[in-house]
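Participant: The sequence shown begins at 460 in this note's numbering and counts up by one.
For glycine and all other residues, C-beta sits at the position ideal for the given N, C-alpha and C.
Model, not experiment: these values are computed from the prediction.
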Amino acid sequence: MPAQHAPHADVRVVVPAFNEEARVAAVVSGLRSEFRRVVVVDDGSTDRTAELARAAGAHVVRHPSNLGQGAALQTGFAYALTDPGMRYVITFDSDGQHRVEDALSLLATAHESGVDVVLGSRFLSPGTEVPAGRRVVLRAGIAFTRATTRLKVTDTHNGLRVLNRRAAQEIDLTLTDMAHASQLLGLIGRRGLSWTEAPVVIDYADESRRRGQSNVNALNIVFDLALERLRSAG
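This is how it looks when you write it as C-alpha cells:
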C-alpha cells in the first residue's frame, strides 16, 4: 500500500536510531507501508542514518551528539505531541528486530482495550527464541522491575510499545540510556496509567544480537534505576 494512502493517520511511529545506516531504510520502508508518519530520531549518528531515513520517507529529528535511546525517545514524544491530530505513538527499534505486523497488533489492542499503554512482550509469544545469556539478564530485569514498580510485567527493555496521547504527555524520561525502559514502566505505575501486554516476536539476528545490551551493562541499568528512585523519593 503506498504510504500516502496508508491508514492510521492519527499514529506517529517514533524510531530512535544511532549509526543504523545498514538497516534504517528497510525499517522505515516497512513502517511506511502501514503508517503515514514515521519519525526517526537520529541520536548523533556519524554515518548516513539520517540521510537514508529521510530518503525512505521518514521525518528526521537529529541530536547533535549521542545522548542515548531514552533521550531519543523523549525527543520523539515531544515531536509527536506537537501534532494535534496524534492520538497514538508507537515506539519501534531501528535495528530490524521488530515486526510491523506486531506494531499493528499492539495498536489494535490499544483500540480494543482503551488502555493508555500497550507493552510488547517477547515472553508471551511462542515464536521468539531468546538467547540463553540474554534470557538470564532479562529475567533478572523483570524481577527487579516487578519489585520496584509493582507492575506484573512479563518483559522489560522491549522497545515495541504503543502509548496514547495521555501517556505520551505523562511520560518524562530523564534516564537517557537503556535504563529508560524500566523508568518508563515505573512512570506508568506512578502516573496511574492503565496498561496491558501483548505478544511480539523479536528477530535475534546475529549482528543485532552483538549490538544489544551486554550483561555488564545490566548492572549499570540497575545502578541508574536505583539512583533515579532515590531522587524521586526525595
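#1: Which residue wins for smallest C-alpha separation from P585, given the options D501, S488, A657 and V500?
#2: DSSP three-state call for E656: helix, strand or coil?
#3: Which residues bound the beta strand (DSSP E) around A627?
#4: Whole angstroms are fine: how far does the CA of V499 sit from the CA of D552?
#5: Give the single residue among A530, Y538 and L652 whose Cα lies nearest to the Cα of V470.
#6: Quick one: what's got a C-beta closer than 8 Å to W654's C-beta in the same chain, skipping five residues either side?
#7: Excluding five sequence neighbours on each side, which residues of the same chain lie with their C-beta closer than 8 Å to the C-beta of I505?
#8: Taking the CB atoms as reference points, tell me whether A569 and N623 lie closer together than 8 Å.
#9: Leaving aside the five residues before and after D631 along the sequence, list all residues of the same chain whose C-beta is less than 8 Å from its C-beta, in chain order.
#10: In its own chain, which residues sit with a C-beta less than 8 Å from the C-beta of R605, not counting the 5 before and 5 after it?
#11: Is Y663 helix, strand or coil when you go by DSSP?
#12: When DSSP labels each residue in this structure, what does A476 get in the three-state scheme?
#13: Could you say if the segment 486-494 and the segment 502-518 meet the contact criterion of at least three C-beta pairs nearer than 8 Å?
#14: By how many angstroms is the C-alpha of N617 removed from the C-alpha of A664?
#15: Spell out the partners DSSP gives D469 in its beta bridges.
Facilitator: Quick look at the numbers:
#1: With distances taken between Cα atoms, P585 lies closest to A657.
#2: Three-state DSSP puts E656 in a strand.
#3: Here A627 belongs to no beta strand (DSSP E); instead the alpha helix (DSSP H) covers R624 to E629.
#4: Rounded to whole angstroms, D552 and V499 show a C-alpha spacing of 10 Å.
#5: Shortest Cα-Cα distance from V470 to any of A530, Y538 and L652 involves Y538.
#6: Counting only Cβ-Cβ distances below 8 Å, and skipping sequence neighbours, we find V574, D575, V576, V577, L578, L610 and I647.
#7: Note that residue 505 is Thr in the sequence shown, not Ile. Its chain contains N478 as the residues whose beta carbon lies nearer than 8 Å to that of T505, once the 5 sequence neighbours on both sides are disregarded; these appear in chain order.
#8: A contact, by the Cβ cut-off of 8 Å.
#9: Taking C-beta separations shorter than 8 Å and ignoring five residues to either side along the sequence, the partners of D631 in its chain run Q533 and L646, following chain order.
#10: Around R605: K611 and V612.
#11: Coil at Y663, not helix or strand.
#12: Correct three-state label for A476: strand.
#13: Contact between the segment 486-494 and the segment 502-518 is present: 3 or more CB-CB pairs across the two stretches fall below 8 Å.
#14: Going by the C-alpha atoms only, they are around 16 Å apart.
#15: Residue pairing by DSSP places D469 opposite no residue, since no beta bridge is assigned to it.
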